[in-house]
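Asker: Per this note's numbering, numbering of the sequence shown is gapless, rising by one per residue and ending at 122.
For glycine and all other residues, C-beta sits at the position ideal for the given N, C-alpha and C.
What follows is a structure written as structure tokens; I'll ask about it next.
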Amino acid sequence: MGELAAGKTAVDAALFEGKEPVLDAGNTATSKEDIGLTSTGGKARSNLLKETGGVVLAGFSATSSAGTITGTLGNRANKDISGAIITQKRANDGVWTCHVQQGTATGWKDKFIPTGCTNTAP
């Protein structure tokens with residue numbers, strides 16, 4: 001999922017600069033860095049992600065470089081994968097892992113899992 005991959009790069013850059021990655025384009029705090037996955041209104045920028053609440057950032061802080069970026073497919077995603085959940089998980093050592101879960105996707109097949117991802121919970 002390319003949209004979340006871009007978020008990984010932005011998270012790494014924010015952490016490298018000593019900033020906390022956030023999903024708030026309107027945040028002007030110098031200690032925080034918007035990673036660009038949502039608009040000021042909190043809507044996902046990608047039309048493949050659920051419009052509201054489709055992107056969640058958790059765990060990252062000024063003192064923790066481990067966390068997750070989670071995206072729920074929806075909006076204009078194919079009906080077979082709409083509702084599937086993709087999580088990019090970052091360990092403290094900077095290694096990212098990808099996890100995909102069926103979620104509420106009614107036509108889900110494991111063959112939809114992108115290369116490099118597993119069908120396990122993060």
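#1: May I have the straight-line CA-CA distance separating Thr104 from Ala13, to the nearest angstrom?
#2: Mapping DSSP to helix, strand and coil, what is Ala6?
#3: Where does Arg76 land, buried or exposed, given buried means 16+ other C-beta within 10 angstroms?
#4: Pull up the distance between the alpha-carbon of Lys79 and that of Gly2, whole angstroms please.
#5: Taking all protein chains shown into account, decide if Ala44 is buried (16 or more other Cβ within 10 angstroms of its Cβ) or exposed.
#6: Below 7 Å CB to CB, which residues in the same chain sit around Lys32 once its five sequence neighbours on both sides are set aside?
#7: Could you check what DSSP says for Ala14 in three-state terms: helix, strand or coil?
Answerer: Considering the structure as presented:
#1: Their backbone Cα atoms lie some 33 Å apart in a straight line.
#2: Reduced to three states, the DSSP call for Ala6 is helix.
#3: Counting every other CB atom within 10 Å of its CB across the protein chains shown gives Arg76 a total below 16, marking it as exposed.
#4: Just so you know, the alpha carbons of Lys79 and Gly2 end up roughly 19 Å apart.
#5: Looking at its Cβ environment, which holds 16 or more other Cβ atoms inside 10 Å, Ala44 is buried.
#6: Around Lys32: Lys19, Glu20 and Val22.
#7: Three-state DSSP puts Ala14 in a helix.
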